[in-house]
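Numbering-wise (numbering that gives the first Met the number 0), the sequence shown opens with residue 0 and increments by one. Glycine included, every Cβ here is placed at the ideal spot set by N, Cα and C. These numbers were taken from a predicted model, which means no experiment stands behind them. Below is one structure; the comments refer to it alone.
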Amino acid sequence: MGYIYLSLALFAGLAKGFCGKTISRDMDNFKECVFINLMRMLFSALLGFLLVIVKTPICDCALTQESFFIYLLASISMSVFCVAWMYAYQNEAYMFLSIFTMLGTVLTCLLDAIFYNANISVSQWFGMALLLLSVFIMSVYNKGIKGKLTSKGLAILIIGSTGAALADFSQKIYMREIGKSAEAFNFYMYAFSFVLLFVIYMFFECSKTRKISNLIRDKKHIFIYFILAFFLYMNSVSKTMAAGFLSSAQIYPVLQGANLILSAVMAHTLFKEKMNSKGLAGITIAFIALMIMHI
């Protein structure tokens, strides 16, 4: 069952990446970035609420002090990741982002080892080192496509990948500490994220910053936000369910390895990112690293 959930997460993650990369082209400033993510958190929370009603007993949805802090960690981490990556989609090559995200895998595995005594073998440490090497090679590839990575761009990538890692680890915390309902976890995570981004958006509204463009708010874009939210929710809930069957060292290397291959195909065919020797070397090393980590 764990690998079935991983397959669903893989498909949803690819679709989410495609929608995010596409919609980022129309974004012009931070306020619009917050609005886009505010809308997809709203739709994700609504989808989560409907699924909770259908599948989850009321007693499993109780908000306790313990679960509150888990949901809060998850929502902050998810919000940070989504906002940061929307900016990254604008400025960096898609394949570079796909591999940079894998650094979050390293952090997730380390946190699992620190807090839950998950074993990290020598081969897995070696695989993590190879991941760092592949990110360096892909940064050279990214430079050839998008230009030199700026300090601001690097900061956004580090913040975003850390947010992704903490969001993934919060799923692991929930399944280990509470483990009642993956649907309830994802509903609360997106509901809290919506509230957080709403507060930020209202701050910009009250400060009378430039209004968001009509393009970002038209019916076509609202529909795209719903589709983006659907795949975001599917990706998240599938990974949460998988976390109940598999360890972090099993989930993320397999998920990222398959995503790596399919993302390379999507980047080449849909985003017209020309693959060269550096890109192929970076992808190959990353794939080998993930396979080593899975041994």
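- Taking a contact to require three or more Cβ pairs closer than 8 Å, the segment 115-128 and the segment 257-271 do not qualify as touching.
- When Cβ pairs closer than 8 Å are counted between the two stretches, the segment 41-60 is seen to touch the segment 175-192, the count reaching three or more.
- When DSSP states are grouped into helix, strand and coil, A61 belongs to the coil group.
- Under the three-pair Cβ rule at 8 Å, the segment 274-284 counts as touching the segment 127-142.
- Using a Cβ distance threshold of 8 Å, G47 and F197 do not count as a contacting pair.
- Setting aside the 5 residues that flank it on each side, S74 is surrounded in the same chain by M188, F191, S192 and L195, each with a C-beta closer than 7 Å to its C-beta; the list follows chain order.
- Between the segment 233-247 and the segment 5-12, the count of C-beta pairs closer than 8 Å reaches three or more; the two stretches touch.
- Between the C-alpha atoms of N90 and I172 there is a straight-line separation of about 33 Å.
- Put simply, of L269, A181 and G126 the residue whose alpha carbon is nearest the alpha carbon of Y93 is L269.
- Between C18 and I226, the C-beta spacing is below 8 Å.
- For the pair G243 and N36, the Cα-to-Cα distance works out to about 28 Å.
- Taking every protein chain shown into account, the CB of E176 has fewer than 16 other CB atoms within 10 angstroms, so this residue is exposed.
- Restricting attention to alpha helix (DSSP H) runs no shorter than 4 residues, the segment 65-142 encloses them at 93-99 and 101-115, ordered along the chain.
- Listed in chain order, the alpha helix (DSSP H) runs fully inside the segment 130-209 are 150-176 and 181-205, counting runs of at least 4 residues.
- Between the segment 147-162 and the segment 94-108, the count of Cβ pairs shorter than 8 Å is three or higher; the stretches touch.
- Between the segment 22-30 and the segment 210-221, the count of C-beta pairs closer than 8 Å reaches three or more; the two stretches touch.
- Taking C-beta separations shorter than 7 Å and ignoring five residues to either side along the sequence, the partners of E272 in its chain run A92, Y93, M94, I144 and A266, following chain order.
- Going by beta carbons, Y88 and I155 fall outside the 8 Å limit.
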